[in-house]
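Data first, discussion second: the structure below is written as structure tokens.
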Amino acid sequence: MNLNLPKNRRRSLAQRAALIAAGVVGALVALVAVAVGGTLLALRTDWGGERLRRQVVSRVNAQIQGNLEIKRVSFGGNRLVVWGVALRDPEGQMVAQIARTEVDLSLGRVLHKEIRLTAVEIENPVLDLISGEQGLNLSRAIAPQKPTKKKPTAPSPRTTKEGWVIRLDRFALTDGELALATAQADSRDTKVHFSELHLTVSLRYATGNGALDLTLKLDGDNQLVPGHPLRLALAASAHGDVYRFDGDGALLGGSIRAHGTVDAHQLANADAVIALAIPRQALAGQQWGPFGIDATAHPSAPPTLNALLAMPGLELAARTRERDGDGKGDNTGPSSSAPWIDGWLTVADLSLTGRALQALSGSAAVPKLAGHGELTFALDQPAA
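Using my numbering, the letters of the sequence shown map in sequence onto residues 18 to 401.
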């Protein structure tokens, strides 16, 4: 599978590839649970594995516009192994492949209201994303054959009880490859290409109170820009209204760092640092960046923000300043502790922005834009 994407998009696409693979595995596990009943012994035989494979392929292909292929399935009670998974779009072109997937289950935990996967291993996944006039090939491949209307559902009431718990002790994706390209007529332009992707994840999620604990580590090589690897290490948790995060990474030749603790009911006591720095670089024939965000929040000081987001045709910047005693922000009077944000949006050529977005996405659906100008703004926080 070919992967050619910018570094910060590589990360999100790599994560998306992992989630897609996990979704396929989840569907297989669910079908096993439905099919099991009193036939556990039969499923452990070659005959049972083949019967399970046919049921999975038949049910999935009856629902999607693309085509799913699976070469072999083996079920051994607490272990499910799948070989040769392939997903094709409606035109028969390959979208995704997985050489081998192994899922180790702890079925006995169901009695304790816990769905536990002790290990999930995905080997050599390949995701080849192509965006064209018809949209993204992956979206077309998994689109339902018969569109169904979504019924509005009321949000589940918040509870202090955990309810059912979903637990993944170890998820490991090895030797993955991700590519993103745009296609027009007979031409193809690769935007992102990552190889040697390695992803490890562990998580615990309670469906009742929403408690979450997550750790993630991602590494990969950028084939389009050698020497600019993809790297991300993240730990995050959410318990009640308290959120904690700790992350460091490298992408698109730049870096990202985020650490902090935030209580939704006591935002004034937030303690967090977020820093993003991505240098200016060429993407799809245009210069993008630099992108920079430097934000802090500490209980003993006003929050600060310094941001610059530049793209073809426009530039957005914002920063915090301390308001002086007379409220004019000229730093001539006694300073108050109330920060304020001023910023500006400079539009040099909005038509260039539209063309750059179209070239980057490969989609003709991007509306035509035009215009130029400059806008200044200020967000004020009243002094206490």
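The C-beta atom is built at its ideal place from N, Cα and C for all residues, glycine as well.
Burial state of H210, where buried means 16 or more other Cβ atoms lie within 10 Å
Burial call: buried.
Return the chain-ordered list of same chain residues with a C-beta closer than 6 angstroms to the C-beta of L404, the five sequence neighbours on each side being excluded.
It is not possible to answer for residue 404, since the shown part of the chain is limited to 18 through 401.
Once you ignore the five residues that flank Q80 on each side, which residues in its own chain have a CB closer than 8 angstroms to its CB?
Cβ within range, chain order: P161, Q162.
Three-way DSSP call (helix, strand, coil) for A52 in this model
Low confidence applies here, because A52 scores a pLDDT of 47, under 50, leaving its location unreliable; read the following figure in that light. In this structure, A52 counts as helix in the three-state DSSP scheme.
Check this for me: beta carbons of K88 and G101, under 8 angstroms apart or not?
Contact flag set, yes.
Should L392 go down as buried or exposed, given a rule of 16 or more other Cβ atoms within 10 Å for buried?
Sixteen is the threshold: since fewer than 16 other Cβ atoms of the shown chains lie within 10 Å of the Cβ of L392, the residue is exposed.
CB of P107 within 8 angstroms of CB of R157, strictly:
Yes, the pair counts as a contact, with Cβ atoms nearer than the cut-off.
Taking all protein chains shown into account, decide if G342 is buried (16 or more other Cβ within 10 angstroms of its Cβ) or exposed.
Because G342 carries a pLDDT of 48, less than 50, the predicted location of this residue cannot be relied on, and no value is offered for it.
For D63, which of helix, strand or coil comes out of DSSP?
Residue state, collapsed to three classes: helix.
Just verifying my parser: in three-state terms, what is the DSSP assignment at L331?
In the three-state reduction of the DSSP assignment, L331 falls in the strand class, which pools E and B.
The alpha helix (DSSP H) that contains N286, what's its start and end?
Looking at the DSSP string, N286 is not in any alpha helix (DSSP H), and its letter there is neither H nor E.
Cα-Cα separation between L220 and T135, rounded to whole angstroms
Computed Cα separation, rounded: 11 angstroms.
Looking at C-alpha atoms only, which residue of L216, A196, R184 is the closest neighbour of L229?
Cα-wise, what sits closest to L229 is R184.
Would you kindly report the start and end of the unbroken alpha helix (DSSP H) that includes N154?
Segment 154–159, the alpha helix (DSSP H) holding N154.
Grab the span of the beta strand (DSSP E) containing A301 for me, first residue to last.
A301 -> no beta strand (DSSP E), and no H or E assigned at all.
In or out: G55 buried (at least 16 other Cβ within 10 Å) or exposed?
Its pLDDT being 44, under 50, G55 is placed unreliably by the model, and the measurement read from it follows with that caveat. By the 10 Å Cβ count, G55 comes out exposed.
Start-end ranges of the beta strand (DSSP E) lying completely within the stretch 243–272, minimum 3 residues:
DSSP assignment within the stretch 243–272 yields the following whole beta strand (DSSP E) runs of 3 residues or more, N-terminal first: 247–256, 259–268.
When the Cα of V279 is compared with those of E138, G66, P320, which residue comes out closest?
Cα-wise, what sits closest to V279 is P320.
Determine the closest residue to Q304 out of L369, T232, L155, with distance taken between C-alpha atoms.
Closest by alpha carbon: L369.
Evaluate contact between the stretch 199–206 and the stretch 113–121, counting only Cβ atoms and requiring at least three cross-stretch pairs below 8 angstroms.
Segment contact: the stretch 199–206 against the stretch 113–121, fewer than three CB-CB distances shorter than 8 angstroms; contact not assigned.
If we ignore side chains and look at the alpha-carbon of each, how far apart do F262 and A365 end up?
Using only the alpha carbons, I get a separation of about 37 angstroms.
DSSP beta-bridge partners of T232
Partner(s): S219, A252.
Count the other C-beta atoms from every protein chain shown that fall within 10 angstroms of the C-beta of D258, then say buried if there are 16 or more, exposed otherwise.
Residue environment analysis places D258 among the exposed positions, since fewer than 16 neighbouring C-beta atoms fall within 10 angstroms of its C-beta.
Given a threshold of 16 other Cβ atoms within 10 Å of its Cβ, counted over all protein chains shown, does L396 qualify as buried or as exposed?
Residue burial annotation: L396 is exposed, with fewer than 16 other C-beta atoms found within 10 angstroms of its C-beta.
Collapsed DSSP secondary structure at G371 in the structure displayed
Three-state DSSP puts G371 in a helix.
Nearest-angstrom Cβ-Cβ length linking A314 and A289, presumed shorter than 8 angstroms:
Between A314 and A289 the beta-carbon gap is near 5 angstroms, inside 8 angstroms, which marks them as a contact.
Considering only residues of the same chain and omitting the five flanking positions on each side of G180, which have a CB-CB separation below 8 angstroms?
K130, A223, T224, G225, N226, listed in sequence order.
Distance, Cα to Cα, L144 vs V112?
Distance between L144 and V112, taken at the CA atoms: about 6 angstroms.
Rounded distance between the beta-carbons of A373 and G330, thought under 8 angstroms:
Contact flag correct, Cβ pair sits at about 7 angstroms.
Taking the C-alpha atoms as reference points, what is the distance between Q240 and L146?
Per the coordinates, the alpha-carbon of Q240 lies some 15 angstroms from the alpha-carbon of L146.
Limits of the beta strand (DSSP E) - the one that V127 falls within:
Looking at the DSSP string, V127 is not in any beta strand (DSSP E), and its letter there is neither H nor E.
Using CA coordinates, which residue listed in G83, V90, Q82 is at the minimum distance from Q72?
Minimum Cα-Cα distance from Q72 among the listed residues G83, V90, Q82 corresponds to V90.
Alpha carbon to alpha carbon, what distance is there between K385 and Q375?
For Q375 and K385, the distance between alpha carbons rounds to 9 angstroms.
Across which residues does DSSP place V98 in a beta bridge pair?
Under DSSP, V98 takes part in a beta bridge, and its partners are S91, E119.
Kindly indicate which three-state DSSP category N348 falls into: helix, strand or coil?
Only weak support is given to the placement of N348: the predicted model assigns it a pLDDT of 45, under 50, and the question is left unresolved by the model.
Per DSSP, what kind of secondary structure is M281 in: helix, strand or coil?
The question names Met, yet the displayed sequence has Ala at residue 281. In this structure, DSSP gives A281 a state outside helix and strand, which the three-state scheme calls coil.
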